[in-house]
Each structure stands twice: as structure tokens, then as C-alpha cells.
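Novice:
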Amino acid sequence: MSAISIRQVAKSYAKSAVVHGVDLEIESGEFVVILGPSGCGKSTLLRMIAGLEAITSGEIAIGTQIVNKLEPRERGCAMVFQNYALYPHMSVAENIGYALKVAGVSKAERRRRVEAVAATVGLSDTLDRKPAALSGGQRQRVAMGRAMIREPKIFLFDEPLSNLDAILRVGMRAEIRRLHRRLGTTSVFVTHDQVEAMTLADRLVVMRAGRIEQVGTPAEVYDRPATRFVASFIGAPPMNLMDGTLEPGDAFRLACGRQLALAPGMRVGFGAGRVAFGIRPEHVVLTRPGAPGSLDANVDFIEELGASRVVYAEFGGIAFATVVPPEALVRTGDPIGLLLPAQHLHAFDAETGRRIQPADRRIPQAA
Ligand SMILES: Nc1ncnc2c1ncn2[C@@H]1O[C@H](COP(=O)(O)OP(=O)(O)OP(=O)(O)O)[C@@H](O)[C@H]1O
Ligand SMILES: [Mg+2]
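Numbering (this note's numbering), first residue to last: 331 to 697.
(1) For valine 444, which of helix, strand or coil comes out of DSSP?
(2) Comparing alpha-carbon positions, which option in Val451, Leu457, Ala556 lies nearest alanine 504?
(3) Closest to arginine 538 by CA distance: which of Ser368, Leu464, Asp488, Gly381 is it?
(4) Please report the straight-line C-alpha distance between valine 535 and valine 349, rounded to a whole angstrom.
(5) Assuming contact is defined by CB atoms lying nearer than 8 Å, are glutamate 644 and aspartate 630 in contact in what I supplied?
(6) Enumerate, from N- to C-terminal direction, the unbroken beta strand (DSSP E) stretches of 3 or more residues contained entirely within the region 612-643.
(7) Suppose contacts are defined by Cβ-Cβ distances below 8 Å. Is aspartate 626 in contact with glycine 574 by that definition?
(8) So, for alanine 697: in the same chain, excluding its five sequence neighbours on each side, which residues have a beta-carbon less than 6 Å away from its beta-carbon?
(9) What separation, rounded to the nearest whole angstrom, lies between the Cα atoms of glutamine 338 and threonine 521?
(10) For the beta strand (DSSP E) containing glutamine 338, name the first residue and the last one.
(11) Can you list the alpha helix (DSSP H) stretches of 4 or more residues lying completely in the region 347-418, in chain order?
(12) Could you give the first and the last residue of the continuous beta strand (DSSP E) run that contains glycine 603?
(13) Under 7 Å: does the beta carbon of threonine 374 sit that close to some heavy atom of ligand 1?
(14) Quick one: give me the first and last residue of the beta strand (DSSP E) that threonine 575 is part of.
(15) Confirm the yes/no value for this check: CB of valine 605, any heavy atom of ligand 2, distance under 7 Å.
(16) Does ligand 1 have a heavy atom nearer than 7 Å to the CB of tyrosine 414?
(17) Assign glutamine 673 to one of two classes, buried (16 or more other C-beta atoms within 10 Å of its C-beta) or exposed (fewer than that).
(18) Would you identify the three-state DSSP class for histidine 674, choosing helix, strand or coil?
(19) Would you say the beta carbon of histidine 522 comes nearer than 7 Å to a heavy atom of ligand 1?
(20) List the endpoints of the continuous alpha helix (DSSP H) containing leucine 506.
(21) Assuming isoleucine 484 is part of the alpha helix (DSSP H), what are its boundary residues?
(22) Which residue or residues does DSSP assign as beta-bridge partners of valine 520?
(23) Does the pairing of the region 497-517 with the region 460-475 give three or more beta-carbon distances under 8 Å?
(24) So the candidates are Ile632, Thr515, Gly434; which of them puts its Cα closest to the Cα of alanine 408?
(25) Expressed to the nearest angstrom, what Euclidean distance is found between the alpha-carbon atoms of isoleucine 354 and proline 656?
(26) Can you give me the C-alpha to C-alpha distance between arginine 443 and valine 545, rounded to a whole angstrom?
Structure (C-alpha cells):
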């Protein structure tokens, strides 16, 4: 039995559909991250699970129970938002324990549970302070503590780290991960930050325009993106994508007119037709211009990332990125050759954007 079943769930506002028939099963104890660009329907989907937003059609079950008509408080979910809106006049302890107070839990019992939760989120020393006297990260932890104290079956997070500075985000990310390992509570976490998504998720759900494009582990999604959109959305710098036409024989003609001789393993099983080839910047091999099979270009600019360098060369109308080690001797303006190893190439259908599976690749046998 899944912890959360989302079946053909759709949402429309007035006449405009923003979520189109989404299906998703979330297992008990899983940490699922929903990732996608702004406006793709992530928050809407999360809010429908929480019961904060009505479902236009379809069904959501939590455990065995269909919750479409249940009030938010009857669903056993606790939600943590980007804007966590703590009560400013209450202390940290009162903020964390508020839900218990409302529920009529005794003062002694409340104190005990607040202290336990505060210890878990590292706020034991700040229990008497007001939110105004806390850092952003500490406030975010109060919001987490406030959600945890209800001992929910499910945690729902909507971009809870977006208001924090970069260093704090990394720290809180690790804390959320540790907390999940300790508590094992089923969690759904929404973000548009791909690094956050990759590092937190047991399973990643990539959404686009109200639809799920791919569900998989971070490694599966990175290594075998199901669509061109996923390929370009995940990874920094993003995957290099080349549009062109497979011509009879061994040639791939790029949109700019340049031609690429295909190694046998690169051939895709259509004979001819429009496709997009993709290759991740870390898989491109820098070589000398004129080397057998290389694409020749000049270096446009280089990004120095410390642990690596990203070399950009205009090629086929795109800024083609190649990741090289910091010690690589290459400068702006240098003529270079780029090799695209066949085993690292991805191919996408030009019309549908869908991945062309290697099973579809018929590598010609020697006659
Ligand atoms: N109350 C509403 N009435 C009409 N349209 C809405 C309403 N709430 C959201 N939308 C629209 O639904 C779409 C999905 O919104 P949603 O908030 O789910 O996006 P999101 O993926 O969470 O984006 P972000 O990353 O910016 O938070 C958007 O186009 C948004 O404009
Ligand atoms: Mg949102």
C-alpha cells in the first residue's frame, strides 16, 4: 500500500487547467521531491494533497483512505512553507507547542514534547526567545518543529529553504535529510532548485506545465532523462543539445549546416530524420583541432569554478559547454577540438522530445 496515491488528479481555475491528470504513488517513508519551473503546478499539487486546494477531478488517497473530501486537519499531514509565519508575540516554545495547546494537551506533557522536538531541530537553547531574535535558519527550524510536534504521517514542504541565504540552505538541506533518516516520515518536498532536489530526493518527480515528465531516482533522471526538457532542466551547466537531421549513411547534419560524422554506436535506428543529440558537458572530451572525429571550434569564454573549468565554444549556433579539470591548459580564443563519445550521447525525438531508448538504436552489424 502506498502512503499517498495520486490518481488522475487534475486542477482547473475557472476555465484554465493547471494540473492535467497526474498519477503518482508515494511509498511509506519515502522522500519525494517535486521539481519543475515556476508555474508548473508544484504547489498546487502539494496543496491538493494537504487539502488546502480542492481537486477538480481524480482522487487522492492517504493510506487506504480517499481524502478528497477530508478537511486538512483530518489528513495527518503537516506542511512547512517558504513563508513560515511564526507568531511574533510567542516564544519559540509557545510557537512549537501551539498546536498541542489548541488540542488541549496538558502543560507538563506539552513542555516535554516541545523540549524533545526542540532538541531534534537544535533549538534547545532558544526556547524562550521571540522569533524576532532568531536568525532566518532558526526561524525555519521553529517552523519545522511546529510541524513535527503534531507527529504527522506526512510532511509536505513547499520551498521551505527559498528565503535562506546560500550557506544556510546547504546546512538546512543536510538537517532535513538527517531528520528524515531519523524519523522516517513520508515526505513530499517542492522546489525549483535542482541541486536541492538532487541532494534530498529518494525519488524525483519532474513536472512541466501541469504534467509529470519523469519520475525516478536522481541518478536515473540525470543519467537517462526521459525527455529533452528533463535533459536541459537538470544539470549545471545544462546538457549540450544539438538539433539536426540524420541523413542516410553516417552523417548528422546540424541545424547550422555543419556535418558530424557518426561513429557506429551513435547511429540511431531510423535511417533518416530529425533528432536532437545531447551530451553532458562533463562527457565532452577536449582535444586538438583536426583530431579524428572531432568538432573544431574556438573557445569563446571560460568559467572558472575552482574545482573545474567550463569551456564554452560556439558550435552549431549553441554555446557548447565542456567541463575540464582546473589544470587543463586552454585559453579564450584557442582553437580546440571536441570529441563526443558515443556511449555518452542521448538522443531525443525532434517532434515529441521523448528520449529515443538505446533499445531502439540499431547499431549496424558488419556485413
Ligand atoms: N488561485 C489561482 N487562480 C488562478 N490561477 C492560479 C491560482 N493559483 C495558481 N494559479 C496558476 O496555476 C499555475 C500553477 O501554480 P503553482 O503555484 O502550482 O506553480 P508552482 O509550480 O508552485 O510555481 P512556483 O515555483 O512559482 O511556486 C500557475 O500558472 C498559476 O498562475
Ligand atoms: Mg510554488
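Every residue gets a Cβ at the ideal spot worked out from N, C-alpha and C, and that includes glycine.
Remember, predicted model here, so these are calculated numbers, not experimental data.
Specialist: Let me lay it out:
(1) Along the sequence shown, one-based indexing puts residue 444 at 114. Note: valine 444 maps to helix in three-state DSSP.
(2) By 1-based counting over the sequence shown, the position of residue 504 is 174. Taking only the C-alpha atoms, the option nearest alanine 504 is Val451.
(3) Here residue 538 refers to the residue found at position 208 of the sequence shown. It is Ser368.
(4) Translated into positions along the sequence shown, residue 535 becomes position 205. Translated into positions along the sequence shown, residue 349 becomes position 19. Cα to Cα, valine 535 sits roughly 14 Å from valine 349.
(5) Locating residue 644 in the sequence shown gives position 314, where the first residue counts as 1. Locating residue 630 in the sequence shown gives position 300, where the first residue counts as 1. Yes, Cβ-Cβ distance for glutamate 644 and aspartate 630 is below 8 Å.
(6) 615-617, 625-634
(7) The residue given as residue 626 occupies position 296 in the sequence shown. The residue given as residue 574 occupies position 244 in the sequence shown. In this structure, glycine 574 does not lie closer than 8 Å to aspartate 626 by Cβ.
(8) Position 367 of the sequence shown, counted from the start, is the residue given in the question as residue 697. Residue confidence for alanine 697 is low, a pLDDT of 31 falling below 50, so the modelled location carries little weight; the figure read from the coordinates is stated next. Cβ within range, chain order: n/a, list empty.
(9) Taking the first residue of the sequence shown as 1, we reach residue 338 at position 8. Taking the first residue of the sequence shown as 1, we reach residue 521 at position 191. So the alpha carbons of these two residues sit roughly 22 Å apart.
(10) As a first step, residue 338 is located in the sequence shown; it is residue number 8 there, counting from the start. Where glutamine 338 is concerned, the enclosing beta strand (DSSP E) stretches over 334-343.
(11) 372-380
(12) Translated into positions along the sequence shown, residue 603 becomes position 273. It spans 603-609 - the beta strand (DSSP E) in which glycine 603 sits, taken as one unbroken run.
(13) Counted from its first residue, the sequence shown places residue 374 at position 44. Within the cutoff, so yes.
(14) Taking the first residue of the sequence shown as 1, we reach residue 575 at position 245. Unbroken beta strand (DSSP E) run through threonine 575: 570-576.
(15) What you label residue 605 is simply residue 275 of the sequence shown in a count that begins at 1. No, the Cβ of valine 605 stays beyond 7 Å of every heavy atom of ligand 2.
(16) Working through the sequence shown from its first residue, we reach residue 414 at position 84. For ligand 1, not one heavy atom lies less than 7 Å from the Cβ of tyrosine 414.
(17) On the sequence shown, position 343 is the one that residue 673 refers to. Glutamine 673 should be labelled exposed.
(18) As a first step, residue 674 is located in the sequence shown; it is residue number 344 there, counting from the start. Helix at histidine 674.
(19) Along the sequence shown, read from residue 1 onward, the residue named residue 522 stands at position 192. Yes - ligand 1 has a heavy atom lying nearer than 7 Å to the Cβ of histidine 522.
(20) To locate residue 506, count along the sequence shown from 1; it is residue 176. The residue you asked about is not leucine; residue 506 is isoleucine in the sequence shown. 496-513 is the extent of the alpha helix (DSSP H) around isoleucine 506.
(21) Against the sequence shown, residue 484 aligns to sequence position 154. Premise fails: isoleucine 484 lies in the beta strand (DSSP E), 484-488, not in any alpha helix (DSSP H).
(22) The sequence position of residue 520 within the sequence shown is 190, counting from 1. Beta-bridge pairing links valine 520 to Ile364, Asp488.
(23) yes
(24) Sequence index remark: in the sequence shown, residue 408 carries index 78 (1-based). Of the listed residues, the one whose Cα sits closest to alanine 408 is Thr515.
(25) Sequence index remark: in the sequence shown, residue 354 carries index 24 (1-based). Sequence index remark: in the sequence shown, residue 656 carries index 326 (1-based). Correcting the residue identity first, residue 354 is leucine in this sequence and not isoleucine. Distance between the alpha carbons of leucine 354 and proline 656 is about 42 Å.
(26) Counting from one through the sequence shown, the residue named residue 443 turns up at place 113. Counting from one through the sequence shown, the residue named residue 545 turns up at place 215. Cα to Cα, the separation comes out at about 37 Å.
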